[in-house]
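In our numbering, the protein residues as written are 176 to 352.
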């Protein structure tokens, strides 16, 4: 990952709360309340401490709240993608993984696996698409279908954390910069 953010951590700390919430409102998909909570934890000493604050937000949630975070994620290469209704972030992430270039057979396989996954766990399969390609996503969902609901809830939240960290680096300079 290259440090390609647009703001320094000092600039992030100086943002008015409304701007902070707008800028970071989708680092966790459709979860602006996370940005509101994290905004109250400023000032941050580093980008890592900002990332940790988002992790802390997710860690403090009760299980049903974690499920709600996962439910807000779209199916990979699902109906929203077909209709062009993904968030900009999700659209870019799915494209990065090559989901927009899948064969008809791969699309059908993923649709079937997505349906099986949602039936078992009652939330969509979440994986950090920017760290995976189609083959890894297909094998990942197949493997994770063997998990217990409790395990899969935690695995899903760990994937949300990975997505969040990458989205943060799209906005904030890496500490290594």
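Cβ coordinates follow ideal geometry from the N, Cα and C atoms, glycine included.
- Query: From which residue to which residue does the alpha helix (DSSP H) around residue 197 run?
  - Reply: 192-199
- Item | Per-residue DSSP class, three states only, for residue 182 | strand
- By the 10 Å Cβ neighbour count, where 16 or more other Cβ atoms means buried, how is residue 269 classified, buried or exposed? buried
- Message: Can you confirm whether the segment 202-218 touches the segment 331-339 when touching is taken to mean that 3 or more C-beta pairs between the two stretches lie within less than 8 Å?
- Response: yes
- Item | Buried/exposed call for residue 331, threshold 16 Cβ in 10 Å | buried
- Query: If you count every other CB in all the chains shown that lies within 10 Å of the CB of residue 220, and 16 or more means buried, which is it?
  - Reply: exposed
- Can you list, in chain order, the residues of its chain whose CB lies under 6 Å from that of residue 195, leaving out five sequence neighbours each side? 214
- Query: Do residue 328 and residue 284 have their C-beta atoms within less than 8 Å of each other?
  - Reply: no
- Helix, strand or coil at residue 226 according to DSSP, with G and I counted as helix: helix
- Query: Alpha carbon to alpha carbon, what distance is there between residue 253 and residue 311?
  - Reply: 17 Å
- Query: Which residues in the same chain as residue 192 place their Cβ atom closer than 6 Å to its Cβ, once the five residues preceding and following it in sequence are excluded?
  - Reply: 214
- Message: With a threshold of 7 Å on Cβ separation, who are the neighbours of residue 296 within its own chain once the five nearest residues in sequence on each side are excluded?
- Response: 324 and 327
- Kindly indicate which three-state DSSP category residue 347 falls into: helix, strand or coil? strand
- Query: Does the pairing of the segment 241-248 with the segment 297-309 give three or more beta-carbon distances under 8 Å?
  - Reply: yes
- Item | Which listed residue (341, 339, 303 and 293) has its alpha carbon closest to that of residue 321 | 293
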